[in-house]
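In numbering that gives the first Met the number 0, the protein residues as written are 0 to 113.
Heads up, the beta-carbon is just placed ideally off N, CA and C, and yes, glycines get one too.
Below is one structure; the comments refer to it alone.
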Amino acid sequence: MTAARTGRTPCINPRCRRTFDAAKYGSGEMICGKCFRSLPQPIRDNHRRLWRHLQKWRRAEARTTDEFKRSRVASIVDAYSSQINLHWDQVLRPAIVTPERPVGLDGFLAEVGL
Ligand SMILES: [Zn+2]
Numbered sequence: 000m001t002a003a004r005t006g007r008t009p010c011i012n013p014r015c016r017r018t019f020d021a022a023k024y025g026s027g028e029m030i031c032g033k034c035f036r037s038l039p040q041p042i043r044d045n046h047r048r049l050w051r052h053l054q055k056w057r058r059a060e061a062r063t064t065d066e067f068k069r070s071r072v073a074s075i076v077d078a079y080s081s082q083i084n085l086h087w088d089q090v091l092r093p094a095i096v097t098p099e100r101p102v103g104l105d106g107f108l109a110e111v112g113l
């Protein structure tokens with residue numbers, strides 16, 4: 000774990016050399032703006048949508064004083080939080096770490112026997 004030693008959190012793209020201040024952003028996984036913009040539009044939209052909902056419900060949780068209501072809001076926050084983690088693990092990170100090879104090129108290589 001180099002992040003703990005250097006105080007920097009690297010971008011999840013292994014081919015990207017950008018890092019973030021771990022003290023400011025935590026030592027969890029990060030993606031830089033440049034790599035995020037390189038993702039296919041549907042992945043970016045989905046990530047943004049989940050993130051927006053999560054922030055909205057977190058704010059609602061913070062301002063809800065009624066205990067019963069707050070526990071219901073908290074469970075929605077949990078649900079969005081796990082959805083965003085799932086999307087990150089199963090869609091966003093794999094798209095960065097193992098980008099799909101273009102179908103056209105694969106087809107062409109198969110055709111020529113490579
Ligand atoms: Zn990056």
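Spanning the alpha carbons of Ser70 and Ile83 requires a straight line of approximately 20 Å. The alpha-carbon of Ala78 is positioned some 17 Å away from that of Phe67. Between Thr18 and Arg36 the beta-carbon gap is near 18 Å, outside 8 Å, which marks them as no contact. Taking the Cβ of Asn84 as the reference point, every heavy atom of ligand 1 lies at 7 Å or farther away. Trp50 is positioned such that its CB atom lies no closer than 8 Å to that of Val72. Ordered along the chain, residues surrounding ligand 1 are Cys10, Asn12, Cys15, Arg17, Cys31 and Cys34 [Cβ under 5 Å from any heavy atom]. Gly25 and Ile75 have their alpha carbons spaced roughly 23 Å apart.
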